[in-house]
Amino acid sequence: MNGNSAGTGDTTEPMTEQAQPAEADAATAPAVFSVRNLWKVFGPKADRVPGSELAALSPEELREQAGCTVAVRDVSFDVRQGEVFVVMGLSGSGKSTLVRCLTRLIEPTSGTIAIDGEDVCGMDKGALRDLRRHRAAMVFQHFGLLPHRSVLDNVAYGLEIQGVGKAERRAKAAEMVEKVGLAGLEDRRPGQLSGGQQQRVGLARALAADPEVLLFDEPFSALDPLIRRDMQEEVVRLHRDEGRTMVFITHDLSEALRLGDRIALMRGGRVVQCGTPEEIVGSPADDYVRDFVRDVPREQVLTVRRAMRPAAADESETGETLAPTTTVAEAIETVARTGTPARIVEGGRCVGVVDHRSLLDVVAGLDAGTAPDAGERTAA
Ligand SMILES: Nc1ncnc2c1ncn2[C@@H]1O[C@H](COP(=O)(O)OP(=O)(O)OP(=O)(O)O)[C@@H](O)[C@H]1O
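Taken in order, the sequence shown gives residues 1 to 380; the numbers are from UniProt numbering.
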C-alpha cells in the first residue's frame with residue numbers, strides 16, 4: 001500500500017506532486033510516533049532488568065531467578081505520518097504489549113515514546129485521556145459494543161463521552177456509518193449484525209473521534225477468511241481515501257504483506273527486522289526472517305526495482321514502460337506478452353530495464369547481489 005497521501009516532510013527542495021514517487025513520501029514523512037530503547041518487563045522490580053546482566057538470561061532463567069518476563073526488549077522505531085505500520089510476529093512475541101505501550105495502556109519499564117515530538121511518558125492523566133481519545137485511538141478485536149444501543153448510538157458513543165452535543169454527534173456518526181458501508185443498518189442492535197458488521201461498527205466508532213493514528217490490535221483475527229479479506233480491503237480503502245496513519249498488529253504474514261507500508265517483525269520481544277514488505281521478503285535480516293517468509297510468492301511482493309538492470313543504449317527509447325512499483329508478476333506478464341524487455345520509467349526517465357532473465361532471477365531468488373537495502377535491522 002504505497003499510494004498514501006502523507007505529507008512530504010520538511011525537505012528543502014520541494015518537488016512537484018507528479019515528480020515525487022509515492023514511496024518517497026512515506027520514507028521522508030515526519031514521524032508520528034518515535035519509540036527509542038523501549039523495554040517492558042513484567043514481574044517484581046522489573047526496572048532492574050533493562051540493560052543489566054539479568055537481561056542476558058534466557059526467558060526461563062529470568063523467570064526462575066527474578067520472576068520476570070521481558071515482553072518488549074530494547075525496541076526502537078518510528079511510525080511515519082500516513083503509513084500503515086504493521087507489527088507482526090508469532091503469539092507471545094510482544095506485539096500487543098508493544099502497541100499498548102504507545103498510549104501507556106501498559107506502562108513501559110524504560111525507554112522513550114514521543115507522539116509528534118511530545119513525550120508520552122511524561123503525560124499526566126488528562127493528557128493521556130486526550131491522547132487515547134483524540135490522537136491515537138485503539139480498535140480492539142472485541143469492540144465492547146453496547147448491546148442495547150443502536151449501531152448509530154454505538155458509533156456516537158465515543159463522541160458522547162467527549163461531551164459532543166447530540167445533533168453533532170449523530171450527524172458525525174451517520175457519516176462514519178456510511179463510510180464503513182453500514183448505511184441502512186443504523187437502527188439495528190449489535191446482536192443483529194454479523195461479526196464483520198460488528199467490526200465495522202467498532203471501526204466507525206474509532207473513526208468518529210477523528211484520531212491522528214488508528215491502532216488496530218488483531219481486529220480481524222476472529223473473522224472467517226472471506227469477511228476478513230473484506231475488512232482488509234476496507235482498511236486499505238480508508239487509508240487510501242484519508243491517508244490516516246495506522247498501526248496494525250497481526251500474526252498473519254499475508255495480512256501484514258497486504259496491508260503494511262512497513263512491517264516490524266518481532267521475535268522474543270525484539271524487532272528482528274523493520275522494513276517494507278519488499279525488504280522483508282527480498283532481503284531477510286537473518287535465518288529466522290528467511291524462514292518466516294520462505295513460502296511467500298516472491299514475484300507478488302518484489303517489484304521491478306529488484307529485477308531491473310541498466311538499459312543498453314538502444315533499450316532506453318523503445319518498448320513497454322512500467323512504473324518502479326510494478327510487481328515482478330505483473331512485469332512477467334508484460335514481457336511474456338511483448339517478447340521484449342520493458343523499460344522502468346520514473347519521473348519521465350528510464351531508470352532501467354527488465355527482461356525474461358532478470359525477472360526469472362528474482363523469482364528463483366538469484367537476485368541477492370542487486371538487493372536494495374534491507375531496511376533497519378536489529379541484531380537478533
Ligand atoms: N500482564 C502480564 N504479566 C506477565 N507476562 C505477560 C503479561 N502480558 C503479557 N505477558 C507476556 O509477555 C509476552 C508478550 O505478550 P504479548 O501479549 O505482548 O504477545 P503477542 O505477540 O501480542 O501475543 P498474541 O499474538 O498471542 O496476542 C508473553 O510472553 C506473555 O506471556
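Backbone N, C-alpha and C define an ideal beta-carbon position, used for all residues, glycine too. All values derive from a computational prediction rather than experimental measurement.
- Look at Thr69 here: in three-state DSSP terms it is strand.
- If you keep only unbroken alpha helix (DSSP H) runs of at least 4 residues inside the segment 75–117, you get 95–102.
- In this structure Ser358 is buried. Its beta-carbon is surrounded by 16 or more other beta-carbon atoms within 10 angstroms.
- Residue state for Arg170 is assigned as helix, using DSSP reduced to three classes.
- Contact between the segment 263–272 and the segment 94–103 is established, with three or more Cβ pairs separated by less than 8 Å.
- Gln273 sits in a strand when the DSSP states are folded into three classes.
- By the CB criterion at 8 Å, Glu299 and Thr327 fall inside the cutoff.
- The straight-line gap separating the alpha-carbon atoms of Asp210 and Leu131 is approximately 12 Å.
- For the set Glu212, Leu90, Val70 and Val32, the Cα lying nearest the Cα of Pro50 is the one of Val70.
- One thing to note: Ala206 has its Cβ within 8 Å of the Cβ of Ala137.
- Taking 8 Å as the cut-off, the Cβ atoms of Glu186 and Ser221 do not count as close.
- Ligand 1 approaches Gly92 closely enough that one of its heavy atoms is under 7 Å from the residue's Cβ.
- For the set Phe248, Arg200, Ala127 and Val235, the Cα lying nearest the Cα of Glu218 is the one of Phe248.
- Take the alpha-carbon of Leu223 and the one of Met246: they are about 20 Å apart.
- For the pair of segments examined, the segment 333–349 was found not to touch the segment 270–289: the number of CB pairs separated by less than 8 Å stays below three.
- Shown here, Thr325 sits in coil according to DSSP, grouped into three states, outside any helix or strand.
- Check the Cα spacing between Val235 and each of His251, Leu128 and Gly202: the tightest is with Gly202.
- Taking the CA atoms as reference points, Ala171 sits about 30 Å from Asp116.
- In terms of CA proximity to Pro147, Leu193 leads the group Gly181, Lys166, Ala173 and Leu193.
- Counting C-beta pairs closer than 8 Å gives three or more between the segment 107–124 and the segment 29–41, which meets the contact rule.
- Counting along the chain, no alpha helix (DSSP H) covers Arg349; the unbroken beta strand (DSSP E) around it starts and ends at Arg349 to Val354.
- Check the Cα spacing between Lys45 and each of Leu62, Ser91 and Leu257: the tightest is with Leu62.
- Closest in alpha carbon position to Ile106, among Val72, Gly89 and Asp153, is Val72.
- Counting only residues of its own chain and dropping the five nearest sequence neighbours on each side, Met176 has a CB closer than 6 Å to the CB of Val155, Ala204, Leu207 and Ala208.
- Take the alpha-carbon of Thr318 and the one of Arg349: they are about 12 Å apart.
- For Lys125, the enclosing alpha helix (DSSP H) starts and ends at Lys125 to Asp130.
- According to DSSP, Met138 shares a beta bridge with Leu215.
- Residue burial annotation: Leu145 is buried, with at least 16 other C-beta atoms found within 10 angstroms of its C-beta.
- Short of 6 Å from the beta carbon of Gly365, and not among the five residues preceding or following it, lies no beta carbon of its own chain.
- One Cα belongs to Ala342, the other to Met308, and the distance between them is close to 9 Å.
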